[in-house]
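Structure record follows, encoded as structure tokens.
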Amino acid sequence: MSTIDEFRKEVRAWLEANCPPAMRTPTPDGALIFGGRQISFQSEEQRLWFERMRDKGWFAPDWPAEYGGGGLSAEQTAVLEAEMRRLHCRPAQINLGIWMLGPVILEFGTEEQKQALLRPMTRGEIRWCQGFSEPNAGSDLASLKTSAVDQGDHFLVNGTKIWTSYGDKSDWMYALVRTDPAAPKHRGISLIVLDMQSPGITVTPIDLISGKSSFCQVFFDNVKVPKGQLIGPLHGGWTLAKALLQHERRAMSKFGEFSLPTHFDLMSLAERYLPPATSAAPADIALRARAVAMSMEEHSYTLTVQRMGEEMRARQNVSGLMSIMKLVHSEQEKDKFEILLDLMGHRALGWEGDEFTEQERALTKAWLGSFAQTIAGGSSEVQLNVIAKRVLALPEGKESK
């Protein structure tokens, strides 16, 4: 038996013994666990699964052990992920620090920063949010205005960030700030990390049409950030931002690896709300065919995610692949809800009241929320531009004279 086969056998046995049966089911809406200072568990099984994965170092299985990771090779990490999918294991925690910031610190951070910032991530002790977009700097992120002025031993930060996911629940933020207003816009940006409890920070939640929202606007009023919390070179943040955004797009698409964010099984709902095929009208038959086709696309996407995960381990620049995965997943999710609305009719338009089931009310809100997924993490239009340039190598258009 080869070494990797032996490792697979060990992983399978460990997961069977340590992942509670209740954690091998689709994750209900609102049941994802985010690490942080205010972490809470909905069940004892959820707590056990979190602690066992944490103590194993498998929140970040491919990180070095000295920073709290599992010390696994790329091949071993692929085996672990495959075995977790096979057993339908829920993610033990969601941590944007591990998914996005951590890899950047591993590459660009000082040893002191690695020791101080990475281990709390791998133990689920700090919840991170991202401070990139601003009211006038979304797709054109390099136009950001939030400033960080050098004050000797610290920066003084002023400005605002918007669409900050879970900014009201996060402990720390990684943020892009302008440190040289005289430089060309891509060259005067730096990446810093800051404690969300710092004096001068105000967080305001943003309501969405779906009735719930993770988005916030964050205001900075003379916030002091120690110089040691600058990640990478001063004014060199754009390079780090591009690396981090690759990881963000992978994170956005990663939800499809363990379950879709909305957790509605298309075919089971089709069976419940459509008449039997033997007595269905032509319109219902066509609708069922659309549902079957979408279900096949979802399965194809999941298989493609697994294959692309293997390919990405051998590539240095994966931004094009990440954009493809993020684009397909968010657009696919939106299209899925349009089919659900068609097959459920008015039952998919409930908001409150006992005449609708809890699932039907949740579906209405999830349908409205699906539109946000085509914007969050980079809009579909931005992803198409990235694919055109970095995958298809199409020439950039020139303005007509």
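If you're matching positions, the sequence shown starts at -12 in this note's numbering and goes up one per residue.
Where is the CB? At the ideal position from N, CA and C, for every residue including glycine.
Model, not experiment: these values are computed from the prediction.
Do you know whose CA, among the options, lies nearest residue i's CA?
{"i": "Gly187", "options": "Ala280, Val210, Ile326", "result": "Val210"}
{"i": "Glu318", "options": "Asn5, Ser357, Ala228, Ser197", "result": "Ser357"}
{"i": "Leu328", "options": "Phe46, Leu261, Ala52", "result": "Leu261"}
{"i": "Pro48", "options": "Ile85, Phe202, Leu19", "result": "Ile85"}
{"i": "Leu256", "options": "Gly332, Leu227, His286", "result": "Gly332"}
{"i": "Arg(-5)", "options": "Glu62, Gly58, Ser27", "result": "Glu62"}
{"i": "Asp271", "options": "Leu330, Arg259, Thr97", "result": "Leu330"}
{"i": "Gly57", "options": "Gly44, Leu67, Thr133", "result": "Gly44"}
{"i": "Glu32", "options": "Thr12, Ala349, His173", "result": "Thr12"}
{"i": "Phe95", "options": "Arg377, Glu320, Leu221", "result": "Leu221"}
{"i": "Glu320", "options": "Asp341, Glu284, Glu342, Ser310", "result": "Glu284"}
If you draw a straight line from the C-alpha of residue i to the C-alpha of residue j, how long is it?
{"i": "Thr291", "j": "Asp167", "result": "42 angstroms"}
{"i": "Val212", "j": "Ile81", "result": "26 angstroms"}
{"i": "Glu347", "j": "Ile92", "result": "43 angstroms"}
{"i": "Trp338", "j": "Thr351", "result": "7 angstroms"}
{"i": "Met160", "j": "Pro269", "result": "53 angstroms"}
{"i": "Asp252", "j": "Gly125", "result": "33 angstroms"}
{"i": "Gly89", "j": "Ala79", "result": "17 angstroms"}
{"i": "Ala228", "j": "Thr344", "result": "44 angstroms"}
{"i": "Ile(-9)", "j": "Ala52", "result": "19 angstroms"}
{"i": "Ala380", "j": "Thr289", "result": "26 angstroms"}
{"i": "Pro7", "j": "Leu74", "result": "11 angstroms"}
{"i": "Ser113", "j": "Leu104", "result": "Here residue 113 is Ile; the residue named in the question, Ser, does not match the sequence. Cα-Cα distance, rounded: 9 angstroms."}
{"i": "Asp182", "j": "Asp158", "result": "6 angstroms"}
{"i": "Leu131", "j": "Met312", "result": "27 angstroms"}
{"i": "Leu128", "j": "Gly224", "result": "12 angstroms"}
{"i": "Glu121", "j": "Glu(-3)", "result": "47 angstroms"}
Ordered along the chain, which non-local residues of its own chain (more than five positions away) have a Cβ less than 6 angstroms from that of residue i?
{"i": "Ile196", "result": "Leu355"}
{"i": "Asp208", "result": "Gly187"}
{"i": "Val205", "result": "Lys148, Thr151, Gly154, Val190"}
Cβ of residue i within 8 angstroms of Cβ of residue j?
{"i": "Ile179", "j": "Phe142", "result": "yes"}
{"i": "Leu308", "j": "Leu371", "result": "no"}
{"i": "Arg174", "j": "Ser134", "result": "no"}
{"i": "Met10", "j": "Trp36", "result": "yes"}
{"i": "Phe324", "j": "Ala353", "result": "yes"}
Near residue i, what residues of its chain come up, given a Cβ to Cβ distance below 7 angstroms and the 5 sequence neighbours on each side ignored?
{"i": "Cys203", "result": "Thr151, Gly154, Asp155, Val190, Thr191, Pro192, Ile193"}
{"i": "Met40", "result": "Phe46, Ala79"}
{"i": "Arg110", "result": "Arg41, Gly55"}
Would residue i count as contacting chain B if we go by Cβ distances under 8 angstroms?
{"i": "Leu227", "result": "Absence of chain B from the displayed structure is noted, only one protein chain being present."}
* To do: Specify whether the stretch 213 to 227 and the stretch 169 to 179 touch according to this definition: at least 3 beta carbon pairs, one from each stretch, less than 8 angstroms apart.
  => yes
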